[in-house]
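S.K.: Please see the structure below; I have some questions.
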Amino acid sequence: LFFLYATYRHWSQRSRTQIEYRQSVFKGDTDNSFVDLKKSDLPGYAILDTAKGSITVELFKDNFPEVVDQFLDLCHKGHFNGMLFRHVIKHYVIQAGDSDKLEAAEDWTLKGKHYSQLDTSLKHEAFMLGTSKKKRDNGAFELFITTAPIPDLNEKLIVFGKVVKGEDSVQEIEEVDTDDHYRPKSSIAIRSVTLKQSV
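Note that my numbering has the sequence shown beginning at 10, numbered continuously upward.
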């Protein structure tokens with residue numbers, strides 16, 4: 010019984026510390042050493058369990074800390090559990106989210122056919138994880154995983170991660186049958202998300 014209580018105290022204090030860290034960041038805390046220390050305690054990887062297999066993503070905590078922080082917070086709340094992949098554009102991108110609007114994603118396909126040379130910088134590689142640059146709230150945080158280089162990706166998305174394992178699962182998702190609006194004919198969902206410090 011004492012062991013269980015001690016374990017509870019440990020995790021309770023750790024959770025409280027992470028919450029305090031989030032608050033200090035959003036309040037504009039300028040103590041960089043404090044922020045860096047707490048940032049190192051945050052998970053660096055997310056494992057998406059899908060109907061087609063697991064997808065392990067490395068999170069870019071230093072590039073877009075506020076976006077990663079929001080993503081981690083939503084993971085803790087179970088926001089992505091059961092979230093459907095709404096659109097699948099073969100050899101381009103797969104999109105998961107609560108919104109059924111395709112928006113600019115369909116336009117990417119048309120543009121991509123006209124590029125003879127692709128930018129090979131980090132943000133334009135395949136298997137990058139991003140979210141829309143539009144205003145995000147808890148009901149509109151969409152996930153995009155690219156399946157090919159996208160020249161104007163940095164104009165479309167905030168890239169905050171990269172698939173480091175499970176590329177075959179991503180490719181299985183993009184092989185599903187879709188309708189004329191790139192919507193999968195059979196439902197594919199993110200079952201759960203597991204956060205880890207390392208893999």
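By construction, the Cβ of each residue, glycine as well, lies at the ideal position given by its N, Cα and C atoms.
Can you name, in chain order, every residue of its own chain whose Cβ lies under 6 Å from the Cβ of V66, other than the five neighbours on each side?
M.R.: A55, L138, G170 and V172
S.K.: For A105, count neighbouring Cβ atoms within 10 angstroms of its own Cβ and tell me buried if that reaches 16, exposed if not.
M.R.: By the neighbour-count rule (16 or more Cβ atoms within 10 Å), A105 is buried.
S.K.: Okay, do the segment 157 to 167 and the segment 88 to 97 touch, 3+ Cβ pairs below 8 Å being the bar?
M.R.: Touching, no.
S.K.: Please name the residue, chosen from V202, K142, V179 and D78, that lies closest to V102 on a Cα-to-Cα basis.
M.R.: V179
S.K.: Would you kindly report the start and end of the unbroken alpha helix (DSSP H) that includes F80?
M.R.: P74 to H85
S.K.: Looking only at C-alpha atoms, which of D189, S196 and K205 sits nearest to I98?
M.R.: D189
S.K.: Report yes if the CB atom of M92 is closer than 9 Å to the CB atom of D82, and no otherwise.
M.R.: No Cβ-Cβ contact shorter than 9 Å links M92 with D82.
S.K.: Taking E181 as the reference, which of S207, G53, E75 and H100 has the closest Cα?
M.R.: E181 has its Cα closest to that of H100, out of S207, G53, E75 and H100.
S.K.: Mapping the DSSP letters down to three states, classify D177 as helix, strand or coil.
M.R.: Note: D177 maps to helix in three-state DSSP.
S.K.: Determine the extent of the alpha helix (DSSP H) in which E67 is found, giving its start and end residues.
M.R.: Counting along the chain, E67 falls outside any alpha helix (DSSP H), though it belongs to the beta strand (DSSP E) covering G62 to L68.
S.K.: Rounded to the nearest angstrom, what separates D71 and V77 at their Cα positions?
M.R.: 9 Å
S.K.: Between which two residues does the alpha helix (DSSP H) holding K3 run?
M.R.: The chain is shown only over 10 to 208; residue 3 falls outside these bounds and no answer can be derived.
S.K.: For C84, which residues from the same chain have a beta carbon less than 8 Å from its beta carbon, with the 5 sequence-adjacent residues on both sides left out?
M.R.: Only A55, V202 and L204 meet the Cβ criterion.
S.K.: Taking DSSP as the reference, what is the three-state secondary structure of I199?
M.R.: strand
S.K.: Look at the alpha carbon of K194 and the alpha carbon of R200, and state the distance between them as a whole number of angstroms.
M.R.: 18 Å
S.K.: How is I103 classed by DSSP in three states: helix, strand or coil?
M.R.: strand
S.K.: Give me the DSSP bridge partner(s) of T156.
M.R.: T156 is not bridged to any residue.
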